[in-house]
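J.:
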Amino acid sequence: MKMTFRWYGPSDPIPLTYIREIPGVSGVVTAIYDLPVGSAWDACRIAALKQQVNDAGLAFEVIESVPVHEDIKLGLASRDFYIENYAKTILALGEAGVKCICYNFMPVFDWLRTDLAAPLPDGSTSLRYDHEALLSLDPHHLHLPGWDESYTPAELEKLLAAYAGMSHERLFDNLIYFLKGILPACRKAGVNMAIHPDDPPWDMFGLPRIITGRASYEKLFAACPELENGITFCTGSLGASPDNDLVALAADFAPRIHFAHLRQIVRQGSLSFAEAGHLTSCGSLDIYGVVKALVTHGFDGYVRPDHGRAIWGERGKPGYGLYDRALGAAYLNGLFEAVEKDLRA
Ligand code: DNO
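Numbering (this note's numbering), first residue to last: 23 to 367.
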């Protein structure tokens, strides 16, 4: 396991030197954020970012995300151009020593929450998703900090119209078309693709979502058996659905898990939840059980703590402050050490 920490690049208020001081964190997960979605990433920009990260004593091996152009998800004729660019980006990142790319295939929106600072009983605040409140939101005016991209109202309007009538099957076929187009570059570059589950794992605003649990993974690996076709195992995203048995999923898909986002949520009713401290005792998800299943089944990928609460007066990017994610990393390091030592004993 390699413990990493997400860093939003030079504009992130958290300096790399602080990340380097978290015990056990060996690398950052980052991206180039100011390139238009769909363009091929420039080798010089990649090299400069890598240099900055390496100069701080941290590894540059995981990118989150290289966003997938909507034309690819929509299956438009222009997709081949964007797939070619994506393959070029993979080759350039591989050249720079990147081993894993996290991406998602959610139409239009990335993760969704209805409250970015909901109070928890311990006095901190966290991100919250209330299904009733979500249903009352206007999808034409949505923005969340932490998304890799966001659209102007006019672009959003056009995109939502373009997705009218998109079925789960067609979206899934478009994902497979994309993967078949890029997997040869992954093989050549030594880069693993790690698809992030849809967050939350159900349809949103009439848009289909297709990476939601066991059945999605079985279909995905049947269609593209290459081991470079893997997953980002995000406990908070998958765990929002009580249908997902996280411990069983971690055990059964361990060889496909190239990257794990380990975080906690408290389920509130059937479809609502609040995020919480990483510990198993803080919420609905058995983080210890997941770590144990991963280690027992030979997981050897990258891990990062995920969304943190806002604590100790910190005013950072919601979910992406320093303090609670650092506590999460410390907790996860302890779990991995204990489980790994037990297994070897
Ligand atoms: C949220 C993140 C997601 C993730 C993308 C991957 O905090 O986990 O935005 O980066 O879905 O492409």
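Ideal Cβ placement from N, Cα and C applies to all residues, glycine included. Please read these numbers as outputs of a predicted model, since none were measured by experiment.
#1: Considering Cα atoms alone, identify which of Ala70, Ile204 and Asp195 is closest to Ser238.
#2: For Cys66, report the span of its alpha helix (DSSP H) as first-last.
#3: Could you tell me which of Ala216, Ile233 and His218 sits nearest to Trp224, measuring between CA atoms?
#4: From the DSSP output, read off the bridge partner residues of Ala282.
#5: Which first and last residues belong to the alpha helix (DSSP H) in which Gly116 is found?
#6: Suppose you measure from the CA of Ser146 to the CA of Ser294; what does that come to, to the nearest Å?
#7: Mind checking whether Ile66 and Tyr324 have CB atoms under 8 Å apart?
#8: Measuring only from the beta carbon, is Glu83 closer than 7 Å to any heavy atom that is part of ligand 1?
#9: Is the Cβ-Cβ distance between Thr26 and Arg326 less than 8 Å?
#10: Please find out if some non-hydrogen atom of ligand 1 comes closer than 7 Å to the beta-carbon of Trp133.
#11: How close, in whole Å, do the beta carbons of Leu354 and His283 come, if the pair is a contact with beta carbons under 8 Å?
#12: For Pro141, which residues from the same chain have a beta carbon less than 7 Å from its beta carbon, with the 5 sequence-adjacent residues on both sides left out?
#13: Measure the alpha-carbon distance for Phe358 versus Lys202 and round it to whole angstroms.
#14: Of the residues Lys363, Phe127 and Glu240, which one's Cα is nearest the Cα of Arg231?
#15: For Ala367, count neighbouring Cβ atoms within 10 angstroms of its own Cβ and tell me buried if that reaches 16, exposed if not.
#16: Could you tell me the alpha carbon to alpha carbon distance between Val59 and Met23, rounded to whole angstroms?
#17: Taking a contact to mean a Cβ-Cβ separation below 8 Å, would you say Phe321 touches Ile253 in this structure?
#18: Tell me whether His162 is buried or exposed, calling it buried when 16 or more other Cβ atoms sit within 10 Å of its Cβ.
#19: With a threshold of 7 Å, establish whether the CB of Ser87 neighbours any heavy atom of ligand 1.
#20: Give me, in chain order, the residues of the same chain whose beta-carbon lies closer than 7 Å to that of Lys314; leave out the 5 immediate sequence neighbours on both sides.
#21: In the DSSP assignment, the beta strand (DSSP E) including Phe227 goes from what residue to what residue?
#22: Can you name the start and end residues of the alpha helix (DSSP H) that Thr413 belongs to?
#23: What would DSSP say about Asp47, mapped onto helix, strand or coil?
#24: Which partner residues does Ile287 have in the DSSP bridge list?
#25: Please tell me whether Ala216 and Phe281 are closer than 8 Å, where the distance is taken between their beta carbons.
#26: Leaving aside the five residues before and after Thr156 along the sequence, list all residues of the same chain whose C-beta is less than 8 Å from its C-beta, in chain order.
#27: On the three-state DSSP scale, how would you describe Leu268?
T.: Checking against the coordinates, here is how it stands:
#1: Asp195
#2: Ala65 to Asp77
#3: Ile233
#4: Phe255 and Val325
#5: Arg101 to Glu117
#6: 19 Å
#7: Per the sequence shown, residue 66 should be read as Cys rather than Ile. Taking 8 Å as the Cβ cut-off, Cys66 and Tyr324 do not qualify as a contacting pair.
#8: no
#9: yes
#10: yes
#11: No, Leu354 and His283 are not in contact; Cβ-Cβ is about 11 Å, not under 8 Å.
#12: Thr147
#13: 34 Å
#14: Phe127
#15: exposed
#16: 30 Å
#17: no
#18: exposed
#19: yes
#20: Val361
#21: Neither: Phe227 is in no beta strand (DSSP E) and is coded neither H nor E.
#22: Look at the range of the chain in this structure, 23 to 367, and you will see that residue 413 is not part of it.
#23: Checking the displayed sequence, the identity of residue 47 turns out to be Val instead of Asp. Three-state DSSP puts Val47 in a strand.
#24: Glu297
#25: yes
#26: Per the sequence presented here, residue 156 reads as Leu, with Thr not at that position. Closer than 8 Å at the Cβ level, and outside the excluded window around Leu156, lie Leu134, Thr136 and Met226.
#27: helix
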